[in-house]
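Q:
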Amino acid sequence: MATSLNLRAALVSFLLLAAFLLVWQGATAGFGGTSGGLPAGMDPEYAKLMGLTATTGKSAMPSPLDVGGALMKMLSDPFYDKGPNDKGIGIQLAYSLGRVLLGYAIAVLVAVPLGFLIGMSALMSRALDPFIQVLKPISPLAWMPLALYTIKDSGISAIFVIFICSVWPMLLNTAFGVASVRKEWLNVARTLEVGPLKRAFTVILPAAAPTILTGMRISIGIAWLVIVAAEMLVGGTGIGYFVWNEWNNLSITNVIIAILIIGVTGMVLDQILAAVARLVTFPE
Amino acid sequence: MASFDTFRRGSGISSGCSCGEHASQSEHDFACKVTGSEDERYSSFVETAVMRAVFPHTPTRRAFLKTVGSATALAAVSQFLPLGSVTDAFAQGSGALEKKDLKVGFIPITCATPIIMAHPLGFYSKQGLNVDVVKTAGWAVIRDKTINKEYDASHMLSPMPIAISMGLGSTPIPFSVPAIENINGQAITLAMKHKDRRNPKDWKGMKFAIPFDYSMHNYLLRYYLAQNGLDPDTDVQLRSVPPPEMVANLRAENIDGFLAPDNIAQRAVYDGVGFIDILSKEIWDGHPCCSFTASKEFVTANPNTYAALLRAIIDASAYAQKPENRKQIAEVIAPANYLNAPVTVLDQVLTGTYADGLGNIKKDPNRVAFEPFPYDSFAIWILTQMKRWGQVKGDVDYAGIAKQVFLATECAKVMQDMGMTPPAPTKTIVVMGKPFDPSKPEAYVDSFAIKRT
């Protein structure tokens, strides 16, 4: 029964994709383009100076076939390096992943211990609450000018922005997970005279792990969202810079490819954390 | 006359020296130490600068100079400061390079042509430099990265180093402009729907995009609008928009037009979303646009590297100025590593044979020019517009700031060393038929009907 449901779901997904691509192809082919002739009265010399959109009415939006062709070409040589401003898509992706993972790792190191502290102490929870509430809703990109100004290094600024945006969901989820560990378990631990450190690692951590992992999963999604915007701002390298550079060239084809790649990478990151979350989840 | 008359800062001080330019005879003597030899002129310039740094408060400095005399004062100051080395930093330039691996930032527009093409065409390596030219996302970012020393030198809009040196929009950091990147090469582009509405008097209520607040684009567009009776602050909306977004915004009808670098304007034509209304040279033929800049700190720490870099830029500008080289340059700077733009678009900008978007082919070989000389009067004009539109308030030391930021003497010296003939240090400036006298900047600001002072 389960397999047949999966099969049917896959079939529907495939049909949806096919329908989407067909509509896309139809919509982009619809704007003339096929005729290839110049509009009446346009000087051929003049037409040579103009783009195809202006002369033949070709849609500025590429068709799925154009995108597919360009994607294949890009994936066939993902690691070329032609100087500081022109690198293959694989290298750009690696730069972005490196930044995200570094910023994210620092965020984990800060958020989980701090979350434990907040979750275990009612005093700290109340004392830190106003700061968290104020800092949490700030758009990560609003930090960028401040970071550039104070850190004085665009690479580290980007990592800082990843850190500051991915720290909150983890912090709150850890605190919540720790605070809502069942009282019976803590009482049992107390009866057995388990020390606070041991209690944290052997009772609270396993109990709160699923909640913490949920926070980490939310955070990685946010970090990946933010890196694209941050790299568009500071430039240099990364998938966000790639988007910006292709936008600069008004190349919609490459922007669509970048969007695809960003989406797929984000999904992979999310699935990895989902798998880890399944490992630590326990049946009650 | 004192060519480095840097003491005369405040106005309204009665003259008390033989030439009538200085507050006292001792100041006159000090400033007039400039003699025939180049070396002495440099050392004098540096000495004045150092004196000013040691005694920033003008009356104190004057009192000090008056009591002890300028020669004694200098001797005293030299005791504590290695004046010799600072002087050397300016005068030399042919010694060993202090730093060979450099990073130079640029914004992907045709204004940066000399900076960019110097890389693929080998003008940097000819000077023994290994330069990475790094594409940057926007003017604020290139400013911050240069201030943060991620870049050794960079491409900026020519008002930016003046603004940075004065602390407008950032902390004041002395910057220098040893070379202008390009002359002309911008255009007012309007959306196709306005093709019958080309008289600027009818533009009330329209929305225009400019690249940055501290840009020639801002000042030229404001000038053009004001000259046609529109107040740029109340009658139209001006927005700072990064150039690549301009074409997209024009297509989406979020803006009615923009004054932007020619490759952006030409791109709007190429994509059929706009037409070129006027070239910026129709407002001011020969206006500066972008500049090559480095912080004063970099200049003094790496004098030889800096001079080599400057030679590369001047060399590249001279090459780019020749019409026969323009087609090749367009092809060289088009790839993704540099401008990432269609060759057809760049070719039209650089050769000056272009489609205007209304079905005509226009020919103007001076559409963009590459003349590196940073005239003082350019900086003074920029300062008058900063004053006019309220970006700076109060008294402005027009000539002093111009001399500090725009290094005309420096550029002339390097040009001479390279066997080129530097242009005369003064240049006639006429903006929309109205002449500009750089010796009377305040009167120029006052002469405008529409202003924010």
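As you go down the protein sequences, you meet chains A and B in turn. Here the first sequence is numbered in my numbering, starting from 1 and rising by one per residue. Here the second sequence is numbered in my numbering, starting from 1001 and rising by one per residue. For every residue, glycine included, the Cβ atom is placed at its ideal position computed from N, Cα and C. Predicted model only: the values in this text are computed from it and were never measured.
Could you check whether B/Ile1180 and B/Phe1436 sit closer than 9 Å to each other, using their CB atoms as the reference points?
A: For the purposes of this step, residue 1436 of chain B is identified with residue 436 of the second sequence, where counting begins at 1. For the purposes of this step, residue 1180 of chain B is identified with residue 180 of the second sequence, where counting begins at 1. Not in contact: B/Phe1436 and B/Ile1180 (Cβ atoms no closer than 9 Å).
Q: In this structure, how does DSSP classify B/Cys1289 when only helix, strand and coil are distinguished?
A: Taking the second sequence and counting its residues from 1, the one referred to as residue 1289 of chain B is at position 289. DSSP places B/Cys1289 in coil when its eight states are reduced to three.
Q: Would you say B/Asp1132 faces chain A, with C-beta separation under 9 Å as the test?
A: Looking up residue 1132 of chain B in the second sequence gives position 132. By this cut-off, B/Asp1132 is an interface position.
Q: Any beta-carbon of chain A closer than 9 Å to the one on B/Lys1149?
A: To locate residue 1149 of chain B, count along the second sequence from 1; it is residue 149. B/Lys1149 counts as touching chain A.
Q: Along chain B, in chain order, which residues have C-beta atoms closer than 8 Å to that of A/Lys136?
A: Here residue 136 of chain A refers to the residue found at position 136 of the first sequence. Those within 8 Å of A/Lys136 in chain B number zero; the least Cβ separation is about 26 Å.
Q: Please look up how many angstroms separate the CB atoms of B/Phe1378 and B/Pro1441, rounded, as I've assumed it's under 8 Å.
A: Numbered from 1 along the second sequence, position 378 holds the residue referred to as residue 1378 of chain B. Numbered from 1 along the second sequence, position 441 holds the residue referred to as residue 1441 of chain B. The Cβ separation is near 12 Å, so there is no contact.
Q: Looking at the C-beta of A/Val268, does it have a partner C-beta in chain B at a distance below 9 Å?
A: Reading the first sequence from its first residue, position 268 is the one you call residue 268 of chain A. The beta-carbon of A/Val268 is placed no less than 9 Å from the nearest beta-carbon of chain B.
Q: What residue range is occupied by the uninterrupted alpha helix (DSSP H) comprising B/His1194?
A: Here residue 1194 of chain B refers to the residue found at position 194 of the second sequence. No alpha helix (DSSP H) holds B/His1194; DSSP gives it neither H nor E.
Q: According to DSSP, is B/Asp1395 part of a helix, a strand, or is it coil?
A: The residue given as residue 1395 of chain B occupies position 395 in the second sequence. It is coil, neither helix nor strand.
Q: Where do the N-terminal and C-terminal ends of the alpha helix (DSSP H) with B/Asp1132 fall, by residue?
A: Within the second sequence, residue 1132 of chain B is the residue found at index 132, counting from 1. B/Asp1132 -> not in any alpha helix (DSSP H); beta strand (DSSP E) instead, spanning 1130 to 1135.
Q: Taking only the alpha-carbon atoms, compute the straight-line gap between B/Arg1197 and A/Ile162 and give it to the nearest angstrom.
A: Your numbering for residue 1197 of chain B matches position 197 in the second sequence. Your numbering for residue 162 of chain A matches position 162 in the first sequence. Taking the straight line from one Cα to the other gives about 48 Å.
Q: Measure from the alpha carbon of B/Leu1230 to the alpha carbon of each residue in B/Phe1175, B/Gly1205, B/Pro1211, then state which is nearest.
A: On the second sequence, position 230 is the one that residue 1230 of chain B refers to. Nearest of B/Phe1175, B/Gly1205, B/Pro1211 to B/Leu1230, Cα basis: B/Gly1205.
Q: Count the other CB atoms within 10 Å of the CB of A/Ser139; is the residue buried (16 or more) or exposed (fewer)?
A: Numbered from its first residue, the first sequence carries residue 139 of chain A at position 139. Within 10 angstroms of the beta-carbon of A/Ser139 lie fewer than 16 other beta-carbons, which makes it exposed.
Q: Going by DSSP, what residue range makes up the beta strand (DSSP E) through B/Met1156?
A: Stepping through the second sequence from its first residue, residue 1156 of chain B is reached at position 156. Here the beta strand (DSSP E) through B/Met1156 covers 1153 to 1157.
Q: Relative to the alpha-carbon of B/Asp1459, which residue among B/Thr1113, B/Pro1323, B/Pro1242 has its alpha-carbon at the smallest distance?
A: This structure cannot speak to residue 1459 of chain B, because chain B is shown only from 1001 to 1453.
Q: What are the partner residues of B/Val1368, as DSSP defines its beta bridges?
A: As a working mapping, residue 1368 of chain B is identified with position 368 in the second sequence. B/Asn1184.
Q: Mind the definition here: the segment 76 to 90 of chain A touches the segment 1292 to 1303 of chain B only if three or more C-beta pairs lie below 8 Å; say whether that holds.
A: no
Q: On the criterion of 16 or more Cβ atoms from any shown chain inside 10 Å, does A/Ala275 qualify as buried, or is it exposed?
A: Working through the first sequence from its first residue, we reach residue 275 of chain A at position 275. It counts as exposed.
Q: What does the alpha-carbon distance come out to for the pair B/Leu1350 and B/Val1368?
A: Taking the second sequence and counting its residues from 1, one reaches residue 1350 of chain B at position 350. Taking the second sequence and counting its residues from 1, one reaches residue 1368 of chain B at position 368. Distance between the alpha carbons of B/Leu1350 and B/Val1368 is about 7 Å.
Q: Beta carbons nearer than 8 Å to chain A: which residues of the segment 1266 to 1299 of chain B have them?
A: Residues are counted here when their Cβ sits less than 8 Å from a Cβ of chain A; for the segment 1266 to 1299 of chain B these are Arg1267, Val1269, Tyr1270, Asp1271, Gly1272, given in chain order.
Q: Of all the CB atoms in chain B, is at least one closer than 9 Å to the CB of A/Ser35?
A: Counting from one through the first sequence, the residue named residue 35 of chain A turns up at place 35. With a pLDDT of 48 at A/Ser35, under the threshold of 50, the predicted position of this residue should be treated as unreliable, though the coordinate-derived value follows. No, because no Cβ of chain B sits closer than 9 Å to the Cβ of A/Ser35.
Q: Return the CA-CA distance between A/Ser13 and A/Val264, expressed in angstroms with no decimal places.
A: One-based indexing of the first sequence puts residue 13 of chain A at position 13. One-based indexing of the first sequence puts residue 264 of chain A at position 264. Rounded to whole angstroms, A/Ser13 to A/Val264 spans 16 Å at the Cα level.
Q: Put B/Phe1448 into one of helix, strand or coil per three-state DSSP.
A: In the second sequence, residue 1448 of chain B corresponds to position 448, counting from 1. The answer is coil: DSSP assigns B/Phe1448 none of H, G, I, E or B.
Q: Grab the span of the beta strand (DSSP E) containing B/Leu1259 for me, first residue to last.
A: Position 259 of the second sequence holds residue 1259 of chain B. Start and end: 1257 to 1261.
Q: Would A/Leu171 and A/Gly215 qualify as a contact pair, given that the criterion is a beta-carbon distance under 9 Å?
A: Taking the first sequence and counting its residues from 1, one reaches residue 171 of chain A at position 171. Taking the first sequence and counting its residues from 1, one reaches residue 215 of chain A at position 215. Yes, Cβ-Cβ distance for A/Leu171 and A/Gly215 is below 9 Å.
Q: Using only the alpha-carbon positions, how far apart do B/Gly1352 and B/Leu1157 sit?
A: One-based indexing of the second sequence puts residue 1352 of chain B at position 352. One-based indexing of the second sequence puts residue 1157 of chain B at position 157. Their backbone Cα atoms lie some 22 Å apart in a straight line.
Q: For B/Ile1333, name the three-state secondary structure that DSSP assigns.
A: Here residue 1333 of chain B refers to the residue found at position 333 of the second sequence. Three-state result, B/Ile1333: helix.
Q: Taking only the alpha-carbon atoms, compute the straight-line gap between B/Lys1451 and B/Val1430 and give it to the nearest angstrom.
A: In the second sequence, counting from the first residue as 1, residue 1451 of chain B sits at position 451. In the second sequence, counting from the first residue as 1, residue 1430 of chain B sits at position 430. Roughly 19 Å separates the two Cα atoms.
Q: According to the neighbour-count rule (16 or more other Cβ atoms, all chains shown, within 10 Å of its Cβ), is B/Gly1274 buried or exposed?
A: The residue labelled residue 1274 of chain B in the question sits at position 274 within the second sequence. Burial is judged here by how many other beta carbons sit within 10 angstroms of a residue's own beta carbon; B/Gly1274 has at least 16 and is buried.
Q: Of the choices A/Thr253, A/Ile257, A/Ala230, whose alpha-carbon is the least far from that of A/Leu97?
A: Position 97 of the first sequence holds residue 97 of chain A. The option with the nearest alpha carbon to A/Leu97 is A/Ala230.
Q: Looking at the structure shown, is B/Lys1413 part of a helix, part of a strand, or coil, going by DSSP?
A: The residue labelled residue 1413 of chain B in the question sits at position 413 within the second sequence. For B/Lys1413, the three-state secondary structure derived from DSSP is helix.
Q: Should B/Gln1348 be flagged as near chain A, meaning a C-beta pair shorter than 9 Å?
A: The residue given as residue 1348 of chain B occupies position 348 in the second sequence. Chain A contact via Cβ: present.
Q: With distances taken Cα to Cα, identify the nearest neighbour of A/Asn173 among A/Pro62, A/Ile261, A/Pro113.
A: Within the first sequence, numbered from 1, the residue matching residue 173 of chain A stands at position 173. Closest by alpha carbon: A/Pro113.
Q: Would you say the segment 1154 to 1172 of chain B touches the segment 1258 to 1274 of chain B, given that touching needs at least three Cβ pairs under 8 Å?
A: By the Cβ criterion, the segment 1154 to 1172 of chain B is not in contact with the segment 1258 to 1274 of chain B, since fewer than three pairs of Cβ atoms, one from each stretch, lie closer than 8 Å.
Q: Would you say B/Ala1336 lies against chain A (beta-carbon separation less than 9 Å)?
A: One-based indexing of the second sequence puts residue 1336 of chain B at position 336. Output row for B/Ala1336: interface = yes.
Q: In this structure, how does DSSP classify B/Thr1421 when only helix, strand and coil are distinguished?
A: Here the question's residue 1421 of chain B lines up with position 421 in the second sequence. In the structure shown, B/Thr1421 sits in coil (DSSP, three-state: anything other than H, G, I, E or B).
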